[in-house]
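Data block below; observations after.
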Amino acid sequence: MNNPIVRRELIGALRKPNVAALEVAWLAVLAAVIVLRWPAGGRVNLAGTQAQQVLSLLSWTILVGMMLVAPAFPAASVVAEKRTGTLALLLNSPLSPAAIYFGKLIGALGLPIILMLLTIPGMTACFAMGGVSLVHQVLPLYLIFILVALESAAVGLYVSIRVNDVDSGIRLTYAVLFVLDLLLLIPYRLVADTQNPTFLLIGRWLASFSPLPAMLHVLGANSVHAGNSVNGGTSVITRFVICSLVLSGVLGLLSIQRLGQWLFDRPRASGKITDDRSTKVRAYRRIMYLWFFDPQRRSGLIGPFSNPVMVKEFRTSRFGRSHWMMRLVGICLMVSLGLMLAAAYGSMSFQPQTLGELMVMFQVTLIVLITPSLSAGLISSELQNKSWQLLRVTPLSPASIVLGKLLSVCRTLLLLLFATLPGYAVMLVIDKGQADRVITVLITLGLIALFCLMVSSAISSWFRKTAQATALSYALLLGLFGGTLVFWAGRGTLFSLSLVAGILKYNPLAAALATIHAPGFTDYNFVLTNWWFMLTVMGVAAVVLVFRTWQLTRPD
Amino acid sequence: MSEAPVVETVELTKVYGEFTALDHLSIRLEKGQILGFIGPNGAGKTTTIKILVGLIRPTSGKASIGGVDCTSDARKIKHLVGYMPDTFGSYDNMRVREYLDFFGAAFKIPRKQRQDRINASLAITGASHMADLYVESLSHGMKQRVAIARTLLHDPPVLILDEPANGLDPAARVEMREILLNLAQRGKTLIVTSHILPELARICNMVAIMTHGKLRAFGTLDEIMQSVRHQRMIEIQLLSEEDVTQAAEILRENLGETASVTPAPSEMMVRFNTTGNEQSLAVALQRLVSAQVRVSQFREMQQDLEDAFLSVTQQDKTEIAAGEAQA
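Set out below in structure tokens:
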């Protein structure tokens with residue numbers, strides 16, 4: 011504890027008023043969760059079923075809380091110091107890169123550990139009810155929570171060292187963790203029915219990077235994707251422990267290696283324009299980039315009918331520039347075509363529903379990951395960079411500013427959605443009767459894109475720091491799209507079917523999956539309710555956004 | 002008859018709760034004038050500027066540019082003023098030309114004219130070679146030039162520049178001075194704040210000194226110097242140490258308690274401060290010569306804007322201290 015960074019990071023974090031608010035909110039959520047499932051009438055059955063239900067709900071709440079809170083501080087930690095210049099001071103001090111890294115890591119773990127300590131009374135209450143094993147349930151659960159916090163901190167710090175602005179750090183960290191925690195479960199699901207032991211082994215190890223299989227095993231719901239039935243229960247947790255420790259260790263080593271003085275050894279961009287280069291280079295680049303997509307091309311002036319804010323947003327946001335956009339669209343097309351080929355050759359025995367499920371999952375994941383990164387900084391980044399006051403001294407109206415900003419994100423989202431459409435064409439070729447469903451799904455996907463855009467933009471207008479707006483947008487959207495699926499995973503065992511149905515009707519992803527009749531969602535039909543929910547939220551978000559922009563453009 | 006003012010504030014006041022940021026400020030500027038707006042941090046300079054560009058609403062009083070009210074006609078004001086805040090407000094991933102194109106389009110400059118305006122603005126600020134560079138890759142001095150180019154895009158008659166010379170190296174400061182003088186020659190009225198007072202003194206023909214939200218001095222540089230000049234410092238160069246001792250004695254006898262005489266034998270010089278007029282200085286010199294003190298030079302030390310500023314702020318501190326003592 012002689013490391014001064016640990017002290018500074020911990021004290022710095024604990025002094026923040028929003029951390030105090032978070033702790034209070036956390037306690038309130040824990041209390042609500044326990045009260046929700048606490049046996050009525052003060053009687054407990056001897057089989058411990060009620061204790062297990064309380065334990066499950068509490069544990070999933072803690073896990074989701076850890077997944078959302080633990081990455082936020084480390085993701086901003088190093089990059090914020092890089093921006094303010096204090097990282098250079100640290101690197102210039104006698105502290106070694108390892109000391110700086112471990113100081114940051116321990117500091118980053120401080121808040122999750124405090125949040126975990128606050129859960130002990132609740133866990134004790136579950137244990138006191140009887141039917142809950144300390145050795146086989148409570149302790150392994152805390153081990154999983156600690157490893158989730160460690161993995162999140164390691165990923166957050168590594169990303170934070172690599173990026174150059176705080177909001178990129180936050181969004182990239184959440185994106186990586188989303189892949190680790192949720193997307194890596196998909197390969198096992200795809201190969202689960204095959205008898206190929208190599209595929210099964212790879213799928214199982216990939217799924218072990220996610221804490222979900224280990225959680226489900228500890229809580230006694232062994233039905234999902236982890237393959238514990240093959241290797242026995244203990245190995246699920248062991249695999250998770252190994253995967254998270256190896257990942258954290260490797261990322262730690264890479265981070266320490268990178269935390270050197272050369273971190274700042276970067277030349278300024280020369281900004282050389284293709285038009286000013288030699289004929290040979292010019293010809294080569296025009297062919298390679300098809301002229302229009304050349305990032306070094308001299309761009310034309312903003313047209314008379316274009317919204318200048320929209321064009322500005324295209325030019326300043328990474329995916330706004332056409333070459334980046336085309337790379338993203340290219341990847342989407344490739345994935346989509348890959349699915350189409352797989353289905354056409356029948357090599358993986360895809361049913362149209364399975365293909366539809368994968369397509370929906372793929373598109374929603376893309377939308378949920380990309381939309382906040384594009385829209386959570388629409389207003390907040392202007393406030394943060396102090397460029398908002400420059401916009402205020404132009405004759406641009408609040409409506410034109412809002413419209414320009416929203417349109418810039420809409421174009422990117424539309425391109426993404428169109429790029430993934432071929433998969434649906436394949437579905438229709440396989441089964442023409444799916445046409446209505448496909449149309450409903452496409453409408454749902456369009457609404458999801460608008461929903462994410464409006465929610466993130468409205469959040470953006472209330473923050474002066476993009477990192478905070480981005481973190482809150484991701485927390486809300488991932489909580490809604492991914493968090494509520496946790497209830498679905500424990501349906502019938504941990505949670506009653508009516509509770510799951512009641513919660514899922516607010517999850518747009520569940521609505522889309524139910525529409526496409528994805529396995530596990532065939533019993534639900536709440537697409538209309540979900541549309542109304544999204545439209546209502548969008549309406550409120552639009553009012554909030556316009557009001558806030560108007561307020562921000564008025565004289566103080 | 003004087004020209005109609007381009008910039009005018011009348012009893013302009015801004016109050017935040019119990020704190021008065023701006024207290025009945027009245028100033029007037031004519032076409033082509035450069036106003037040096039000086040004062041310590043928190044004096045109310047930025048508040049005044051933000052009212053003039055329509056970013057803040059005053060509590061009372063009026064501010065107008067070219068006869069247009071800055072509060073009620075905020076939309077028109079935007080076309081009349083080019084504002085450069087003390088922070089650059091850059092957009093990442095954007096080239097200088099694109100950055101200026103965006104602001105040009107925001108000011109609704111037709112596409113055909115916009116390219117010419119961008120080129121002209123960059124040429125005036127000596128930034129033509131930066132057109133294709135990324136904004137975030139520019140040095141501080143380069144960014145300041147681009148920021149001024151941005152204010153010129155819509156060709157406003159008034160430019161308000163908050164700390165344009167801040168953080169610039171000496172060479173860049175000289176270039177900035179030339180740019181500002183060039184703009185004034187083109188008929189622009191400029192309001193410039195700066196903490197680098199010698200720089201400001203070289204370009205401004207009007208000066209406003211503010212402290213604690215109040216205007217302490219306003220006028221041409223000469224008028225300001227006159228109004229703040231309470232004591233004159235005279236320096237006499239002599240030929241020997243004996244002359245120094247003798248001169249100090251004569252001056253003390255003749256000038257009495259109104260002057261503080263400081264002999265500097267090692268430099269063979271005597272310095273004294275006096276509130277006396279030209280007549281009393283002539284008498285003192287005559288006495289020295291009559292007493293056969295060998296005087297090689299008798300000169301008044303020139304006071305600069307920095308002295309004027311310090312004198313005004315000192316006066317302000319004294320008044321506050323007196324007020325507190327009375328309370």
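Sequences listed follow chains A and B, in order.
With our numbering applied, the first sequence corresponds to residues 11 to 566, in that order.
With our numbering applied, the second sequence corresponds to residues 2 to 328, in that order.
For every residue, glycine included, the Cβ atom is placed at its ideal position computed from N, Cα and C.
These numbers come from a predicted model, not from an experiment.
- Contact between the region 153–162 of chain A and the region 218–226 of chain A is present: three or more C-beta pairs spanning the two stretches fall below 8 Å.
- Identification of chain B residues near A/P318 by a Cβ-Cβ cut-off of 7 Å yields F103, A106 and A107, ordered along the chain.
- Excluding sequence positions up to five before and after B/E236, its CB lies within less than 6 Å of the CB of R272, R300 and M302, all in the same chain and listed in chain order.
- Here B/N120 carries a helix assignment [DSSP, helix/strand/coil].
- Taking a Cβ-Cβ threshold of 9 Å, the residues of chain B close to A/V321 are E99, D102, F103 and A106, in chain order.
- At least one CB atom of chain A sits nearer than 9 Å to the CB of B/V82.
- In the structure shown, B/R295 adopts coil according to DSSP, grouped into three states.
- The C-beta of A/K290 has fewer than 16 other C-beta atoms within 10 Å across all chains shown, which makes the residue exposed.
- When C-alpha distances from A/A435 are compared across A/L425, A/G117, A/I449 and A/A98, the shortest belongs to A/I449.
- Contact annotation: the region 60–68 of chain B touches the region 76–88 of chain B, with at least three C-beta pairs closer than 8 Å.
- Shown here for B/D87: same chain residues with a beta carbon closer than 6 Å to its own, the five before and five after excluded, namely D163 and E164 in chain order.
- Looking only at A/N317, A/L400, A/D177 and A/A459, the smallest Cα-Cα distance to A/T375 is reached by A/A459.
- A straight line joining the alpha-carbon of A/A485 with that of B/L123 spans about 44 Å.
- When DSSP reads this structure, B/R233 sits in a beta bridge with B/T275.
- Per the coordinates, the alpha-carbon of A/E33 lies some 11 Å from the alpha-carbon of A/L127.
- DSSP, read as helix, strand or coil, puts B/Q238 in strand.
- In this chain, the alpha helix (DSSP H) harbouring A/V176 covers V176 to D191.
- Collapsing the DSSP output to three states places B/D317 in a helix.
- Contact annotation: A/G179 and A/A118 have beta-carbon atoms that are not nearer than 9 Å.
- With distances taken between CA atoms, B/I149 lies nearest to B/G90 out of B/A322, B/E200 and B/G90.
- Uninterrupted beta strand (DSSP E) stretches at least 3 residues long and entirely within the region 13–101 of chain B occur at 20–30, 35–39, 61–66 and 82–85, given in chain order.
- At the C-beta level, B/K109 and A/P405 come within 9 Å of one another.
- Within chain B, no C-beta atom comes nearer than 9 Å to that of A/L384; the closest sits roughly 13 Å away.
- In its chain, beyond the 5 residues on either side, L30, Q34, I35, L36, G37, F219, G220, T221 and L222 have a beta carbon closer than 8 Å to the beta carbon of B/M207.
- Using a CB distance cut-off of 9 Å, B/F89 counts as an interface residue toward chain A.
- From the listed residues A/M464, A/Q478, A/L463 and A/A520, the smallest Cα separation to A/L490 is found for A/A520.
- Counting only the Cα atoms, A/S390 lies some 5 Å from A/F473.
- Chain-order list of chain A residues neighbouring B/V54: V403, by C-beta distance under 7 Å.
- According to DSSP, residue pairing for B/M270 in a beta bridge involves B/Q238 and B/A265.
- In the three-state reduction of the DSSP assignment, B/E301 falls in the strand class, which pools E and B.
- Distance from the Cα of A/Y184 is smallest, within the candidate group A/V169, A/C253 and A/F497, for A/V169.
- A/A31 is bridged by DSSP to nothing; it lacks a bridge partner.
- A check of alpha carbon separations from A/G313 across B/T48, B/A22, B/L101 and B/A106 identifies B/A106 as the nearest.
- Rounded to the nearest whole angstrom, the C-alpha separation of A/T284 and A/V403 is 34 Å.
- Where B/G142 is concerned, the enclosing alpha helix (DSSP H) starts and stops at H141 to L153.
- Shown here, B/I210 sits in a strand according to DSSP, grouped into three states.
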